[in-house]
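K.L.:
Numbering (my numbering), first residue to last: 45 to 143.
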C-alpha cells in the first residue's frame with residue numbers, strides 16, 4: 045500500500061536538503077506533504093507545520109520559524125508553501141523533523 049502511494053505521487057517528487065540529511069518530499073494534497081528519509085521511512089506532515097527560513101524571504105528573516113498554512117504546486121511542478129496568505133517556494137525553508 046505504501047509503495048502504491050509513492051508510485052501515485054512520483055510525478056510530484058522534489059528533493060529537499062536539511063542539514064546533513066537528504067529528504068524526498070512528495071506533494072499529497074493542499075493540506076499535507078509526504079517526507080521520505082534516506083532509509084525509506086515515511087512521515088506525512090499535515091498543515092499547519094513549522095519550517096525554518098534558510099535565507100531572508102519576503103518579510104521573514106533567516107533563521108525565523110514560520111507556519112505553513114497550505115501547500116500547492118505551480119505550473120513548473122515546484123512545491124509552494126502558503127505562509128500568511130502568500131506563496132513561497134519551498135526551497136527557501138528547512139523542515140526539521142524526526143522519523
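The beta carbon of each residue, even a glycine, is placed where N, CA and C say it ideally should be.
Put residue 49 into one of helix, strand or coil per three-state DSSP.
P.N.:
Only weak support exists for where residue 49 lies, its pLDDT of 47 falling under 50; the coordinates are left without a value.
K.L.:
Sort 86, 123 and 130 by Cα distance to residue 138 and report the nearest one.
P.N.:
123
K.L.:
Go through its chain and collect everything with a Cβ distance to residue 119's Cβ below 8 Å, but skip five positions before and after it.
P.N.:
none
K.L.:
If you draw a straight line from the C-alpha of residue 94 to the C-alpha of residue 81, how long is it?
P.N.:
The alpha-carbon atoms of residue 94 and residue 81 are separated by roughly 18 Å.
K.L.:
From the DSSP output, read off the bridge partner residues of residue 96.
P.N.:
109 and 138
K.L.:
Go ahead and label residue 115 buried or exposed: buried means 16 or more other beta carbons lie within 10 angstroms of its beta carbon, across all protein chains shown.
P.N.:
buried
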